[in-house]
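J.: Take a look at this one; I'll ask things after.
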Amino acid sequence: MTYTLEDIWREIRNKNLAAKIDIEDSLSAIYKGVKIVKEGDEIRLLSTQYDLYREFPKEVYDVFLTQGIEAGIEKKRKYENQNRIE
Numbered sequence: 066m067t068y069t070l071e072d073i074w075r076e077i078r079n080k081n082l083a084a085k086i087d088i089e090d091s092l093s094a095i096y097k098g099v100k101i102v103k104e105g106d107e108i109r110l111l112s113t114q115y116d117l118y119r120e121f122p123k124e125v126y127d128v129f130l131t132q133g134i135e136a137g138i139e140k141k142r143k144y145e146n147q148n149r150i151e
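The numbering of the sequence shown is the numbering used here, which starts it at 66 and goes up by one.
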């Protein structure tokens with residue numbers, strides 16, 4: 066199954082454990098170390114690992130879009146842990 070960023074957005078926003086942060090036209094939610102931000106038609110996936118949120122690379126986005134949220138979160142963790150080791 067494939068997902069769109071809009072699908073990922075809706076699913077995370079509907080989770081009870083997601084923290085919703087809405088400031089004017091910027092709508093966002095944080096769930097398991099992932100911040101998803103919707104500003105107008107643009108949706109971005111960001112890491113909460115750093116003080117300044119960084120957008121995920123394409124390889125992490127691809128897992129979210131092809132395998133869903135939980136697989137995407139696992140890929141994010143592996144990606145961040147790999148970068149700590151290097």
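Glycine is no exception: its CB is placed at the ideal position from the N, C-alpha and C atoms.
Among residues of its own chain, excluding the 5 on either side of K140, which ones have a beta-carbon nearer than 7 Å to its beta-carbon?
T.: Closer than 7 Å at the Cβ level, and outside the excluded window around K140, lie V125, V128.
J.: For the beta strand (DSSP E) containing Y96, list its first residue and its last residue.
T.: Residues 91-96.
J.: Determine, using beta carbons only, whether L82 and Y96 come nearer to each other than 8 Å.
T.: Yes. Within cutoff.
J.: Give a yes or no on whether the minimum CB-CB distance between E89 and chain D is below 8 Å.
T.: The chain inventory of the structure shown lacks chain D, comprising one protein chain alone.
J.: Please state the DSSP three-state secondary structure of L70.
T.: If DSSP states are grouped into helix, strand and coil, L70 belongs with the helices.
J.: Closest by CA to Y68, which one among L92, R142, G133, E145?
T.: That would be G133, whose Cα lies nearest to the Cα of Y68.
J.: Ordered along the chain, which non-local residues of its own chain (more than five positions away) have a Cβ less than 7 Å from that of L70?
T.: Closer than 7 Å at Cβ, skipping near neighbours: I108.
J.: Cα-Cα, which of Q114, L130, R119, I88 is closest to R142?
T.: The shortest C-alpha separation from R142 is found at Q114.
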